[in-house]
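Note sheet for the following structure.
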């Protein structure tokens with residue numbers, strides 16, 4: 002006998018999988034928002050690429066009553082004026098658009114490459130980590146020699162902080178979405194051979210300097226302003242948020258990064274970082290932005306296929322390492 | 003110009019619908035917590051409903067006018083006076099240079115009051131809006147709440163002489179109490195996939211207490227032991243309230259671990275917890291009047307069709323046809 006599931010009143014409609022296209026779920030989020038989701042809850046950048054393909058197609062469709070979209074990992078939140086655009090019409094439009102982006106392989110995603118200088122294991126994040134040990138948790142297993150970077154090495158089976166830095170610089174970081182706080186990027190490694198992971202702080206850290214960069218799970222974030230935080234810190238970069246818009250990079254708004262940007266770390270010393278930060282605020286520093294190249298999904302997927310054995314080998318190394326390491 | 007003599011607890015410049023179009027850059031819209039009272043205040047003084055006006059939380063604002071304008075106060079009753087004489091609510095009056103507005107600290111029902119003047123407040127647009135975003139410290143008047151000594155400019159013109167003596171019909175004025183019923187729709191993450199049907203039945207029948215730790219970011223309710231449909235959050239984390247990060251609708255109910263939090267004007271735009279229900283646009287204004295640590299609410303489930311109908315009705319209510327003169 003088929004199992005009878007209770008009706009899901011939060012779901013407006015679904016589109017079953019067809020060929021390589023994942024299933025799509027359309028959910029109510031009140032009378033002004035709709036949440037679209039691809040496939041199951043797995044971390045798969047190809048889902049994120051497809052979200053950008055759909056986002057682009059939706060914005061070009063010019064459907065009347067669309068207000069804004071929030072692309073995320075495997076979902077997109079859509080704000081619409083339901084007095085002008087009935088939900089049914091919006092869902093029908095979204096379903097039709099799926100046909101126009103039938104294969105994620107064919108997508109070319111407009112993407113900027115941004116080089117950000119990074120002082121690894123810098124003195125500013127070190128100061129806040131030391132405060133954490135002093136005032137919040139004396140026996141924090143994720144702090145050695147006053148920083149988190151050795152813990153990141155041990156947790157991933159890497160030799161030392163130098164190897165962590167090598168891994169972080171060996172891949173571009175894909176900004177899958179922006180959110181939580183204005184301008185905060187959620188970034189993932191495009192080259193999975195260098196996909197390090199870490200657990201988060203416990204309890205969270207009450208202080209983090211502006212521009213600090215950290216990793217939680219597989220995700221790397223830059224802190225746009227000084228704030229509490231839970232990610233393991235590994236360095237500090239230049240401002241990605243400036244209310245006073247003191248640099249041409251902030252001319253349109255105070256937020257530097259956009260979803261679908263690719264970030265590359267360029268190692269610098271604390272002194273060099275400090276000098277560049279001063280130039281940023283003086284308005285003389287030019288952010289190194291190459292825009293818009295596009296990310297060709299087909300060649301990217303081919304690349305993923307080619308590195309599979311190496312990725313599997315690193316994952317085995319990580320799995321072994323985790324057994325020896327305390328979780329915060 | 004309005005000269006601030008006392009700023010009160012939190013008085014901010016807001017506009018409606020706030021900073022729309024920046025959710026994908028991580029910025030919630032800000033704007034008034036009670037858009038009914040806010041829009042009505044503007045309507046009474048002849049402004050566009052979204053024009054910049056003041057949101058005064060729990061009263062305490064003391065300010066002097068330096069121009070001739072029409073003034074309207076709406077929302078919670080702060081026993082306001084003009085030069086010592088009691089001021090009516092939901093009604094526009096004339097003010098002239100030198101007049102002193104005083105609002106007492108709120109004691110009764112409701113939590114926020116609104117002050118609109120003809121011509122509207124003149125603060126710079128920041129990312130397309132004049133609304134104060136308290137979390138990011140931008141928009142409004144220098145990105146912050148008003149304080150003693152601030153001089154808030156008014157737009158030129160707009161003496162408002164023809165806008166004086168306009169009143170919202172008495173039967174349309176909201177009656178704030180200690181308990182509210184707030185209309186919401188199920189989802190995006192409800193039952194049977196994230197919560198159990200019993201969890202959702204509880205959610206829509208329970209009388210929830212508003213936590214004292216509530217503000218323009220979130221209105222917190224009490225924690226509850228949910229049954230949950232899942233045992234964990236899969237790759238997103240150990241708790242069944244965890245999901246892969248997604249965008250949060252404005253005015254959604256975010257269940258963070260065991261605690262439901264209504265994400266309001268200055269909330270987070272994206273995160274990794276389920277949202278089991280979302281307030282409908284015609285009901286969100288009631289949240290702005292909830293007194294933290296005292297009031298209770300119940301969520302009433304409505305359908306999409308009902309929500310659209312309510313939105314149309316509300317737009318009709320906040321219109322010229324609801325204004326009487328005298």
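Protein chains in written order, with my numbering: chain E, 2 to 329; chain Z, 3 to 328.
Just so it is clear, CB atoms sit at the ideal spot from N, CA and C, and this is done for glycine as well.
No experiment lies behind these values; they were computed from the predicted model shown.
For residue 215 of chain Z, no CB of chain E lies under 8 Å from its own CB, so it is not counted at the interface with that chain. Distance from the CA atom of residue 261 of chain Z to the CA atom of residue 224 of chain Z, rounded to whole angstroms, is 6 Å.
Fully enclosed beta strand (DSSP E) runs of no fewer than 3 residues occupy 109-121 of the stretch 81-163 of chain E, in order along the chain. With 16 or more neighbouring CB atoms inside 10 Å of its own CB, residue 190 of chain E falls in the buried class. DSSP places residue 282 of chain E in the uninterrupted alpha helix (DSSP H) bounded by 271-283.
For residue 258 of chain Z, the beta-bridge partners assigned by DSSP are Z:261.
Membership of residue 59 of chain Z in the beta strand (DSSP E) is indicated by the continuous run 55-59. Using a 10 angstroms sphere on the CB of residue 296 of chain Z, the tally of other CB atoms stays under 16, which defines it as exposed. Not flagged as an interface residue toward chain Z: residue 125 of chain E, since no C-beta distance is shorter than 8 Å.
If you check each beta-carbon in the stretch 161-181 of chain E against every beta-carbon of chain Z, the ones closer than 9 Å belong to 177, 178, 179, 180, 181. In the structure shown, the three-state DSSP call for residue 16 of chain Z is strand. For residue 282 of chain Z, a Cβ of chain E is located within less than 8 Å of the residue's own Cβ.
Against chain E, the CB of residue 271 of chain Z has a partner CB under 8 Å away; the residue lies at that interface. Bridge partners of residue 77 of chain E according to DSSP: E:37, E:72. One Cα belongs to residue 126 of chain Z, the other to residue 148 of chain Z, and the distance between them is close to 15 Å. DSSP, reduced to helix, strand and coil, places residue 205 of chain Z within a helical segment of the structure shown.
Under the DSSP assignment, residue 181 of chain Z falls in the beta strand (DSSP E) whose first and last residues are 181-188. With contact defined as three or more Cβ pairs closer than 8 Å, the stretch 100-108 of chain E and the stretch 45-64 of chain Z are not in contact. Taken through DSSP and simplified to helix, strand or coil, residue 289 of chain Z comes out as helix.
For the stretch 41-74 of chain E, residues whose beta-carbon sits nearer than 7 Å to a beta-carbon of chain Z comprise 42, 43, 44, 68, 69, 70, 71, 72, 73, 74. Runs of the beta strand (DSSP E) lying entirely within the stretch 32-84 of chain Z and spanning at least 3 residues, in chain order: 55-59, 64-67, 71-77. In the three-state scheme derived from DSSP, where H, G and I count as helix and E and B as strand, residue 104 of chain Z is classed as strand. Across the set Z:27, Z:191, Z:232, Z:129, the C-alpha of Z:27 shows the shortest separation from the C-alpha of residue 262 of chain E. In the DSSP assignment, no residue is bridged to residue 232 of chain E. Looking only at E:270, E:49, E:306, E:11, the smallest Cα-Cα distance to residue 73 of chain E is reached by E:49. Residue 205 of chain E does not reach chain Z, its nearest Cβ partner there being about 13 Å away, counting only Cβ pairs nearer than 7 Å. 236, 237, 238, 245, 246, 247, 248, 249, 250, 251, 252, 253, 254: these are the residues of the stretch 234-255 of chain Z whose beta carbon lies less than 8 Å from some beta carbon of chain E, given in chain order.
In the structure shown, residue 127 of chain Z falls within a coil segment according to DSSP collapsed to helix, strand and coil. At least one C-beta of chain E is nearer than 8 Å to the C-beta of residue 29 of chain Z. Partner residues in the beta bridge of residue 15 of chain E, as assigned by DSSP, are E:26. Under the DSSP assignment, residue 215 of chain Z falls outside any beta strand (DSSP E); it carries neither an H nor an E label. Straight across, the Cα-Cα distance linking residue 42 of chain Z with residue 167 of chain E is about 59 Å. Inter-segment contact for the stretch 294-308 of chain E and the stretch 108-117 of chain E is present: three or more beta-carbon pairs are separated by less than 8 Å. Residue contact with chain Z for residue 29 of chain E: present (Cβ-Cβ distance below 8 Å to some residue of chain Z). Among the residues facing chain Z, residue 84 of chain E is included, as its CB has a counterpart in that chain under 8 Å away.
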